[in-house]
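Residue numbers (the UniProt record's numbering): 1 to 582.
Inspection log for the structure reproduced underneath, given as structure tokens.
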């Protein structure tokens with residue numbers, strides 16, 4: 001139960017709700033214990049021929065009032081305890097989501113999306129059940145067992161009561177053995193569900209690829225295997241939990257048979273009255289529910305415990321990027337950028353992604369970076385945004401080490417257009433205004449979309465800027481997604497703009513228009529252009545040509561052509577390709 005220690009603050013905050021819920025739960029249990037006594041007295045009056053019509057009415061009213069009281073009490077304990085379990089579910093989902101947002105990209109590159117979704121749904125639901133009905137059944141069972149035994153001793157004798165509970169040690173041993181097995185199999189069930197969720201999510205996200213390669217049958221077969229594995233893991237759990245509860249009921253039934261036999265003999269001998277026997281048997285019947293509940297309690301609590309263990313692994317994960325306790329407060333960022341002796345390797349790799357990188361971009365200037373795939377271009381952007389931290393060298397903005405700035409200050413002052421152009425399943429308006437918490441005037445959205453040369457395309461849609469996109473923006477073309485992503489960065493009007501190969505899906509004419517728009521917008525904006533097309537970056541103030549994480553060539557466009565090196569080779573190759581196309 002140590003895994004649940006993380007929840008102590010939640011229980012402390014809602015302790016009075018739990019106390020009131022348990023109060024009503026225990027009150028209901030005590031009221032339930034009145035019914036066997038009422039039935040016992042009714043039986044004695046009937047046996048002694050002292051039962052009158054008024055007596056029947058009196059006992060009937062007792063039972064009716066008891067039933068009403070039980071109903072009211074059950075309503076209140078459900079309101080308090082079950083409501084708290086729903087609040088806990090909300091609290092855990094929010095804590096998990098907020099914590100995941102603090103983790104670095106490296107964490108998400110090594111953990112499957114489906115697994116994280118499983119934690120947020122299946123695991124948290126299991127914890128809710130454990131902290132809701134699990135608590136109710138556990139407290140209810142223990143209290144009813146204790147009170148029923150006390151009333152049984154009072155009704156008959158200690159000897160008969162001991163006979164009734166002689167099975168408890170056996171039940172405890174069986175519960176302990178089965179509990180461990182249920183816990184272990186519950187963890188494998190949750191893991192199998194994670195795999196199923198991940199497989200489903202990934203294949204629906206890639207449904208266009210599946211259909212274009214006519215791989216529906218193969219994917220269906222693979223899903224069958226993953227789904228079958230999930231079923232097998234659940235059946236393995238069911239086999240254990242399925243035999244657990246019937247076994248407990250069988251043991252209870254044997255105990256019940258023995259108890260009835262000996263207590264019946266006591267009635268025949270006249271040692272106890274028929275009414276006391278009826279009351280004793282009724283109390284014994286009350287023990288039936290707790291005995292049955294033990295199996296379900298263990299099942300629910302062990303599944304909740306397994307899920308809490310899985311959840312704790314994520315919640316105890318530390319972010320790779322740590323802010324200093326007292327970051328430098330700057331009124332504004334101008335945009336000067338410097339990389340000084342920067343070398344970097346990604347986690348779990350042996351080679352440097354960047355090696356001894358040095359450059360300075362003055363405020364308002366444009367730096368272009370070219371190079372083949374894997375040369376380290378995007379890594380420079382990742383480090384500038386502090387998506388990863390460097391161990392060698394320093395990165396400065398306005399002569400301030402970026403590690404001395406808060407992440408919020410750093411990233412708010414950078415407009416970033418990534419390669420994948422991710423768009424949310426929201427309206428185009430909301431996607432463009434994503435960087436703002438408050439309402440953004442439509443004029444700002446329109447202006448940004450015009451600068452990105454996507455305004456006319458959006459106005460052609462029936463719902464214009466209120467058009468809701470499909471998952472990852474699949475309802476619009478690649479070029480439209482790319483330009484919408486550019487508009488999302490431009491609307492911030494940041495001092496630093498980064499375009500990470502962000503014009504690859506647009507034609508050269510549209511590209512030229514966008515670049516001309518940027519010139520008028522970015523007179524005081526520091527710009528980093530990453531591209532594989534020389535035409536995109538010819539007018540940059542400085543161009544870096546990278547290969548294998550190193551800067552191989554640097555200078556202006558004309559200077560690099562005069563070097564007659566790798567840049568010149570790429571330029572000639574692309575120039576020839578354009579001539580062939582024409």
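Built from N, CA and C at the ideal position, the CB exists for glycine as well.
Close-in-space but distant-in-sequence residues of the same chain around residue i (CB under 7 Å, 5 per side omitted)
i, result
"residue 406", "323 and 327"
"residue 444", "491"
"residue 141", "290, 293, 294 and 297"
"residue 4", "308"
Sequence-distant residues of the same chain with beta carbon closer than 6 Å to residue i, five excluded per side
i, result
"residue 24", "73, 76 and 77"
"residue 419", "500 and 501"
"residue 417", "485, 486, 489, 499 and 502"
"residue 147", "33"
"residue 471", "425"
"residue 551", "544"
Residues near residue i in its chain [Cβ-Cβ closer than 8 Å; skip 5 each side]
i, result
"residue 311", "92, 96, 119, 123, 124 and 127"
"residue 35", "63, 66 and 282"
"residue 333", "397, 398, 409, 413, 495 and 496"
Between the CA atoms of residue j and residue i - distance to the nearest angstrom
i, j, result
"residue 259", "residue 61", "31 Å"
"residue 63", "residue 117", "49 Å"
"residue 449", "residue 558", "33 Å"
"residue 398", "residue 384", "13 Å"
"residue 437", "residue 225", "44 Å"
"residue 565", "residue 195", "49 Å"
"residue 198", "residue 115", "6 Å"
"residue 309", "residue 105", "23 Å"
"residue 294", "residue 230", "26 Å"
"residue 347", "residue 388", "9 Å"
"residue 70", "residue 269", "36 Å"
"residue 39", "residue 10", "43 Å"
"residue 374", "residue 574", "19 Å"
"residue 15", "residue 531", "58 Å"
"residue 377", "residue 528", "10 Å"
"residue 51", "residue 37", "16 Å"
"residue 314", "residue 178", "28 Å"
"residue 7", "residue 202", "33 Å"
"residue 81", "residue 457", "54 Å"
"residue 227", "residue 235", "12 Å"
"residue 56", "residue 20", "35 Å"
"residue 475", "residue 466", "13 Å"
"residue 192", "residue 111", "15 Å"
"residue 349", "residue 414", "28 Å"
"residue 362", "residue 339", "12 Å"
Expected contact under 8 Å - CB spacing of residue i and residue j to nearest Å
i, j, result
"residue 357", "residue 337", "Rounded, the Cβ-Cβ distance is 12 Å, inconsistent with contact."
"residue 43", "residue 278", "4 Å"
"residue 300", "residue 133", "6 Å"
"residue 276", "residue 156", "6 Å"
"residue 190", "residue 306", "6 Å"
"residue 304", "residue 342", "With a Cβ gap of about 47 Å, residue 304 and residue 342 do not count as contacting."
Which of helix, strand or coil DSSP assigns to residue i
i, result
"residue 499", "strand"
"residue 189", "helix"
"residue 355", "strand"
"residue 546", "strand"
"residue 120", "helix"
"residue 126", "helix"
"residue 433", "coil"
"residue 115", "helix"
"residue 492", "coil"
"residue 470", "coil"
"residue 335", "coil"
"residue 586", "This structure gives no information on residue 586, because the portion of the chain shown stretches from 1 to 582."
"residue 67", "helix"
"residue 109", "helix"
"residue 537", "helix"
"residue 465", "helix"
Residue i burial status per 10 Å Cβ neighbour count (16 or more: buried)
i, result
"residue 506", "buried"
"residue 421", "buried"
"residue 262", "exposed"
"residue 233", "buried"
"residue 386", "buried"
"residue 368", "buried"
"residue 86", "exposed"
"residue 108", "exposed"
"residue 242", "exposed"
"residue 494", "buried"
"residue 478", "exposed"
"residue 335", "buried"
"residue 30", "exposed"
Residue-level contact to chain B via CB, residue i, 8 Å cutoff
i, result
"residue 507", "In summary, chain B is missing from the structure at hand, where a single protein chain is found."
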